[in-house]
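In the working numbering, the protein residues as written are -8 to 140.
Reading through the structure tokens given below for one structure.
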Ligand SMILES: [Zn+2]
């Protein structure tokens, strides 16, 4: 029985062949295997909207604008306009103090929404002294309070 990966690989091969068929019409760019995405290597960099420092995407917490309001995006993959904050109270309170989140996400924060985000921020470590989340290849569990030093 083929594994999901094998099935995917076969589908991809078919796809490439179909692509090749079309290629002559579009101007042949040669070897289509170049289309395969390289794994890892490039770590996307994002800017914390509070302190403006750049960090690897996974070292930051993503907030996403949804129909229900602004929510913490633990997976970092949810659809919608997003922004990033360091996982510490310093950056969160700076962001929540003004209208930076609203500006970044082009939305209005309701009082309840702001409160929910403040409650989340309260579970974070106070300042930056925390192990790099980058190293841990696991989703951030929003329900868990940060580990105390
Ligand atoms: Zn920050």
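Don't be surprised by glycine CBs; every beta carbon is placed ideally from N, CA and C.
Within 10 angstroms of the Cβ of residue 53, are there 16 or more other Cβ atoms? Answer buried if so, exposed if not.
buried
Classify residue 13 as buried or exposed, calling it buried when 16 or more other Cβ atoms lie within 10 Å of its own Cβ.
Bear in mind that a pLDDT of 48 at residue 13, under 50, signals an unreliable position, so the number given afterwards is only what the model happens to contain. Result: exposed.
Is it the case that the CB of residue 76 approaches a heavy atom of ligand 1 more closely than 7 Å?
Indeed, a heavy atom of ligand 1 lies less than 7 Å from the Cβ.
Is the segment 81 to 94 touching the segment 62 to 71 in the sense that three or more CB pairs, one from each, lie closer than 8 Å?
Taking a cut-off of 8 Å for Cβ pairs, the segment 62 to 71 and the segment 81 to 94 do not touch, as fewer than three such pairs fall below it.
Does any residue of chain C bring its CB to less than 8 Å from the CB of residue 67?
Looking at the structure shown, chain C is missing, and only one protein chain is on hand.
Residue 55 bridges to which residues according to DSSP?
62, 73
Throw me the rounded Cβ distance for the residue 61 and residue 92 pair, which I believe falls under 8 Å.
With 8 Å as the limit, residue 61 and residue 92 qualify as a contact, their Cβ atoms being about 6 Å apart.
Residue -6 bridges to which residues according to DSSP?
Paired residue(s): none; residue -6 is not in a bridge.
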